[in-house]
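Student:
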Amino acid sequence: MPLALSAINLEVNERECIMLNGLSGSGKSTLCLAAADFLKAFPAAVSSGKIIRHRTEQEGGTGIAMVMQNFYSQITYLRPTVFEEIAFPCENLGLPRDEIIERTDDAIARIRIGHLAGRNPLDLSGGEKQKVVLATAIAMSPDLLILDEPLSQLDPESTSHLGEILSGLKRSMSLIIAENDPYLTLKVADRVVVLSDGKILADGKLENILGPDVECEIDLPAWTRCIMELQNGDRTRDHAGTAIRYELNYKRAIETMRKI
Amino acid sequence: MMDIEFSHVTFYYKSNLALRDITCEIAEGTTLLVAGHNGSGKSTFLKLMNGILKPTEGEITLGGESNVNKRTSELAAKCALSFQNPDDQLFAPTVKKELHFGIGNIHADDSLIGPIATLLKLGEVMERNPYSLTYAQRRLVAIASVAVMNTPILAFDEPTAGLSIREKAYLGDLIALLRKMKKTLVVVTHDLNFLLQYADSLLLLAHGKVEYFGGRDMFFDRKDSRQILARCGITYPVYPRISAATNLKAHYFIAADVADSLKKREPAPPSAQGQHQLEGA
Numbered sequence: 000m001p002l003a004l005s006a007i008n009l010e011v012n013e014r015e016c017i018m019l020n021g022l023s024g025s026g027k028s029t030l031c032l033a034a035a036d037f038l039k040a041f042p043a044a045v046s047s048g049k050i051i052r053h054r055t056e057q058e059g060g061t062g063i064a065m066v067m068q069n070f071y072s073q074i075t076y077l078r079p080t081v082f083e084e085i086a087f088p089c090e091n092l093g094l095p096r097d098e099i100i101e102r103t104d105d106a107i108a109r110i111r112i113g114h115l116a117g118r119n120p121l122d123l124s125g126g127e128k129q130k131v132v133l134a135t136a137i138a139m140s141p142d143l144l145i146l147d148e149p150l151s152q153l154d155p156e157s158t159s160h161l162g163e164i165l166s167g168l169k170r171s172m173s174l175i176i177a178e179n180d181p182y183l184t185l186k187v188a189d190r191v192v193v194l195s196d197g198k199i200l201a202d203g204k205l206e207n208i209l210g211p212d213v214e215c216e217i218d219l220p221a222w223t224r225c226i227m228e229l230q231n232g233d234r235t236r237d238h239a240g241t242a243i244r245y246e247l248n249y250k251r252a253i254e255t256m257r258k259i
Numbered sequence: 000m001m002d003i004e005f006s007h008v009t010f011y012y013k014s015n016l017a018l019r020d021i022t023c024e025i026a027e028g029t030t031l032l033v034a035g036h037n038g039s040g041k042s043t044f045l046k047l048m049n050g051i052l053k054p055t056e057g058e059i060t061l062g063g064e065s066n067v068n069k070r071t072s073e074l075a076a077k078c079a080l081s082f083q084n085p086d087d088q089l090f091a092p093t094v095k096k097e098l099h100f101g102i103g104n105i106h107a108d109d110s111l112i113g114p115i116a117t118l119l120k121l122g123e124v125m126e127r128n129p130y131s132l133t134y135a136q137r138r139l140v141a142i143a144s145v146a147v148m149n150t151p152i153l154a155f156d157e158p159t160a161g162l163s164i165r166e167k168a169y170l171g172d173l174i175a176l177l178r179k180m181k182k183t184l185v186v187v188t189h190d191l192n193f194l195l196q197y198a199d200s201l202l203l204l205a206h207g208k209v210e211y212f213g214g215r216d217m218f219f220d221r222k223d224s225r226q227i228l229a230r231c232g233i234t235y236p237v238y239p240r241i242s243a244a245t246n247l248k249a250h251y252f253i254a255a256d257v258a259d260s261l262k263k264r265e266p267a268p269p270s271a272q273g274q275h276q277l278e279g280a
């Protein structure tokens, strides 16, 4: 059996957003499943280590919600409308009817899928289904929200909008997001954890962890890549004359490029 | 000739309008990117093209022949489609069998399996069960199983979804090879930042209607390109945005081209600097 994760030590703080970056096969999805406690179902697969959860007694908190990489498998298709599909997990939590409706309405408004509320989930496009599953997870109002590649089928505007939603959610919950989109990382990540071959290669703020070993494992913003290309010809220096390797800030990158 | 023509095509899912009055012509050997907001009709467009769906109104021809009265199996030899969700497509017990399945159906030869498996780095997993692979590898297997069929038209639905930079580079190599082989490629994608470099033309959809159909470079020359993209739920692609913000005269689609162009140009006069508004990321 191939080793998926080894010697992972990771602490996620309250109201912190961790972005998992890394090549495919580096262990991002397995780490998401571990954080969501799904690996408990496979005791034989876990050779050592444990997950310690310091539960907060946050009012209304409902533990963990997760949107999986293959989100298609999370839609029950037992309910005839998107509204009822999103309400389904809240019903399972045993919430009062008024609160279920309030939470469902709120999640639908946040994800901006009001126009789909009365449609049958079976009739939706791939990206619309992904939005339904995201809304379902948000409606549960968890303490920890885990998203595995939440942008995979979203159009660019929805991607940008999800960034805003996640920035807002960070104020009330912890987030673990496996996603290689560098623009989402810049927007919402408090910390970036780079996985490589099942191990943590780097853990920290993006600007602090970038180096030759990390650079080939993760995607970087286009302007950062442009500056890196220019640097091969040693043309880019900051105001003090020091060579710039990684410029993550869009405005500064453009200023640097304009001066060439 | 294997060009593709949509003539006034309209399609309804039961009572839901998915595509309205689509007319476009895709020349043989070119690459078309289809983009638009979620639910704009992109995947429906692909399914109509390869005959999985039949238009409610209008006509679709592949290489001059109408596909409306043809069975999907008859069209498979002309146009192969890889689905949005690779797990809807994969079923064989090994990667090798998966790659042979489509070929067997259309009685094509297997000469492309070797080179394409090598390009997508699938050589080492040929005997593995596709479901024991990572999601990105499963997507590559789904893409490979279609590409090896050697059909004149190839359609890919969101081929970069779930791929990390490493597999995207492999996919880029495959697209470059298929372009060299003069295949007609139709690619539905949200990832314009990566795929624009390979595009000849663009089809931009909003609410089932064509907002733009035409050449890639012509599109970025238009003054209203931003507004068109906004109607389609698409943010302005990042490399053309950098090209404009750094006052480059042409539109570029990869970092190396932006950098090369910057290195080659004459230093800009101070008055020209800063004439474009800087936008937030």
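Residue numbers (numbering that gives the first Met the number 0), protein chains in the order written: chain H, 0 to 259; chain D, 0 to 280. Cβ coordinates follow ideal geometry from the N, Cα and C atoms, glycine included.
#1: Using a beta-carbon distance below 8 Å, is M18(H) in contact with chain D?
#2: Would the segment 28–37 of chain D count as touching the segment 10–17 of chain D if we require 3 or more Cβ pairs under 8 Å?
#3: For a contact meaning CB atoms closer than 7 Å, what does A244(D) contact in chain H?
#4: Can you give, in chain order, each stretch of the alpha helix (DSSP H) that sits fully within the segment 83–136 of chain D and has at least 4 residues?
#5: How would you list, in chain order, the residues of chain H whose beta-carbon sits under 8 Å from the beta-carbon of L194(D)?
#6: Out of K167(D), K208(D), H99(D), S65(D), which has the shortest C-alpha to C-alpha gap to L118(D)?
#7: What residues of chain H sit near L121(D), judged by a beta carbon separation below 8 Å?
#8: Would you give the residue range spanned by the alpha helix (DSSP H) that Y238(D) belongs to?
#9: I'd like the span of the beta strand (DSSP E) that includes E58(D), first residue to last.
#10: Who are the Cβ neighbours of C67(H) in its own chain at under 7 Å, not counting the five residues just before and after it?
#11: The segment 146–159 of chain H: which residues have C-beta closer than 7 Å to a C-beta of chain D, in chain order?
#12: Buried or exposed, going by whether 16 or more other CB atoms sit within 10 Å of the CB of H114(H)?
#13: Quick one: what does DSSP say K222(D) is sitting in, helix, strand or coil?
#14: Am I right that M148(D) and I112(D) are in contact with their C-beta atoms under 8 Å? What's the rounded C-beta distance?
#15: What's the call for H250(D), buried or exposed, on a 16-neighbour Cβ count within 10 Å?
#16: Anyone know if the C-beta pair for L80(D) and V8(D) falls short of 8 Å?
#17: Using a threshold of 8 Å, state whether the C-beta atoms of L194(D) and V185(D) are closer than that.
#18: Which ranges would you report for the beta strand (DSSP E) in the segment 150–206 of chain D if only whole runs of at least 3 residues count?
#19: If we cut at 8 Å on Cβ distances, does A258(D) have a partner in chain H?
#20: Going along chain H, which residues have a C-beta under 7 Å from D86(D)?
#21: Would you grab the beta carbon distance between P153(H) and G126(H) for me? Rounded to a whole angstrom, and I think it's under 8 Å.
#22: Quick one: using the 10 Å Cβ neighbour count with 16 as the cut-off for buried, is F41(H) buried or exposed?
#23: On the three-pair Cβ rule with 8 Å, is the segment 61–70 of chain D touching the segment 132–143 of chain D?
#24: Using 8 Å as the Cβ pair cut-off and three pairs as the minimum, do the segment 197–210 of chain H and the segment 37–51 of chain H touch?
#25: Quick check for students: name the residue ranges of the alpha helix (DSSP H) that lie wholly in the segment 153–213 of chain H, counting only runs of 4 or more.
#26: Cβ atoms of A154(D) and L74(D): under 8 Å apart, would you say?
#27: Measuring CA to CA, which of A198(D), L139(D), R264(D) is closest to A175(D)?
#28: Verify whether the separation of the beta carbon atoms of L261(D) and M227(H) is less than 8 Å.
#29: Here's the rule I'm using: 16 or more other beta-carbon atoms within 10 Å means buried, otherwise exposed. How should T159(D) be labelled?
#30: Compute the distance between the beta-carbons of L30(H) and L4(H), then report whether it is under 8 Å.
#31: Drop a sphere of 10 angstroms on the beta-carbon of Q226(D), count the other beta-carbons inside from all chains shown, and report buried for 16 or more, exposed for fewer.
#32: When you measure from the CB of L92(H) to every non-hydrogen atom of the ligand HEM, does any distance come out below 7 Å?
#33: Using the three-state DSSP reduction, which class does F215(D) fall into: helix, strand or coil?
#34: Hey, how far is the Cα of P54(D) from the Cα of T183(D)?
#35: Is it a yes or a no for the segment 164–183 of chain H touching the segment 121–134 of chain D, going by three-plus beta-carbon pairs under 8 Å?
#36: Kindly indicate if chain H contains any beta-carbon less than 8 Å away from that of L282(D).
Tutor: The structure says:
#1: Not a single CB atom of chain D sits nearer than 8 Å to the CB of M18(H).
#2: The segment 28–37 of chain D is not in contact with the segment 10–17 of chain D.
#3: Simply I253.
#4: Listed in chain order, they are 94–104, 112–118.
#5: For L194(D), none of the residues of chain H pass the 8 Å Cβ criterion, the least Cβ distance being about 12 Å.
#6: Comparing Cα-Cα distances from L118(D) to each of K167(D), K208(D), H99(D), S65(D), the minimum goes to K167(D).
#7: Those within 8 Å of L121(D) in chain H number zero; the least Cβ separation is about 13 Å.
#8: Annotation: the continuous alpha helix (DSSP H) that includes Y238(D) extends over 237–244.
#9: Start and end: 56–61.
#10: For the sequence presented, residue 67(H) should be read as Met rather than Cys. Result list for M67(H): Q73, D147, in chain order.
#11: Answer in chain order: E148, S151, Q152, L153, D154, P155, E156, S157, S159.
#12: So H114(H) ends up on the exposed side.
#13: Coil.
#14: Contact doesn't hold; Cβ gap of about 10 Å is too wide.
#15: Counting Cβ neighbours within 10 Å, H250(D) comes out buried, since at least 16 surround it.
#16: For L80(D) and V8(D), no; Cβs fall outside 8 Å.
#17: In this structure, V185(D) does not lie closer than 8 Å to L194(D) by Cβ.
#18: Counting whole runs of 3 or more residues, the segment 150–206 of chain D contains the beta strand (DSSP E) stretches 152–156, 183–187, 200–205.
#19: At least one chain H Cβ lies under 8 Å of A258(D).
#20: Near D86(D) (Cβ distances below 7 Å), the residues of chain H are N69.
#21: Here residue 153(H) turns out to be Leu, not Pro, going by the sequence shown. Confirmed, about 5 Å.
#22: Burial call: exposed.
#23: These segments do not touch.
#24: No, the segment 197–210 of chain H does not touch the segment 37–51 of chain H.
#25: If we require 4 residues or more, the alpha helix (DSSP H) runs fully inside the segment 153–213 of chain H come out as 155–168, 181–187, 205–208.
#26: Not closer than 8 Å, so no.
#27: A175(D) has its Cα closest to that of A198(D), out of A198(D), L139(D), R264(D).
#28: It is not a contact, given that the beta carbons lie outside the stated cut-off.
#29: With 16 or more other Cβ atoms from the protein chains shown falling within 10 Å of its own Cβ, T159(D) counts as buried.
#30: By the CB criterion at 8 Å, L30(H) and L4(H) fall inside the cutoff.
#31: So Q226(D) ends up on the exposed side.
#32: Ligands in the displayed structure: none, and consequently the ligand HEM is not present.
#33: It is Arg, not Phe, that sits at residue 215(D) in the sequence shown. Correct three-state label for R215(D): helix.
#34: The straight-line gap from Cα to Cα measures roughly 21 Å.
#35: Counting C-beta pairs with one atom in each stretch, the segment 164–183 of chain H and the segment 121–134 of chain D have fewer than three that are closer than 8 Å, which means they do not touch.
#36: Only positions 0 to 280 of chain D appear in this structure, which leaves residue 282(D) out of reach.
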